[in-house]
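Here the numbering used here is used: the first residue of the sequence shown is 313, the next is one more, and so on.
Note that beta-carbon positions come from the ideal geometry of N, C-alpha and C, so glycine has one too.
Please read the structure below before turning to the comments.
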Amino acid sequence: MSKLLGEWFVAETPRHYVLRVESLFGGSRAKSSIDWILKGLRAGTAVRAFVDRAVSPSYVDDVVEATAALVERHAAFGLYHCVNSGWTNWAELAREAARLLGRPQAPIEAVKMAEAGLTARRPQFAALSNARLLAAGVAMPTWQQALARYVASVN
């Protein structure tokens, strides 16, 4: 709710950019869901990952570059989705991370959201489209390319 309120307040200004991201990873804090997946894979423990939640991961480095590109191009003000291209579920992302780490047989337990006992409700389909960003001339790398760069940077 606070994010939506922030968007509404910003939209009242004549010149603004709002970039929506989803499943953000990277940066110096290393506390994202992807970091927890990588930690489990490296430790050889079973990684639990949702098989029924669609996401569009957003690599911090790519979001920063896209933001700069919008400003430099003097793109139309407004709301943009800014995620790595494509979408996946967490189990598939975990399998790709395992492959990138050279552990394709790592134990990944596919779980359903209803079985997880989450306290906060989350949408099952949280993927976003970069169509407006692309129309402004800013193309985002795929989530697979972003994940590969991130894994290489933290390995």
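{"Query": "For ILE420 and GLU427, the rounded distance between their alpha carbons", "Result": "16 Å"}
{"Query": "Buried versus exposed call for PRO416 [16 or more other C-beta atoms within 10 Å across all chains shown]", "Result": "exposed"}
{"Query": "Pairwise C-alpha distance: ALA438 and ARG365", "Result": "7 Å"}
{"Query": "Between the CA atoms of ARG354 and TRP455 - distance to the nearest angstrom", "Result": "20 Å"}
{"Query": "Enclosing alpha helix (DSSP H) for LEU405 [first to last residue]", "Result": "402-412"}
{"Query": "Every unbroken alpha helix (DSSP H) inside the region 314-400 [4 residues or more]", "Result": "314-323, 345-355 and 372-384"}
{"Query": "Given 8 Å, three or more beta-carbon pairs between the region 343-354 and the region 373-381", "Result": "no"}
{"Query": "Burial state of MET313 (16 or more Cβ within 10 Å)", "Result": "exposed"}
{"Query": "Straight-line gap, THR357 to VAL466 (C-alpha atoms, nearest Å)", "Result": "19 Å"}
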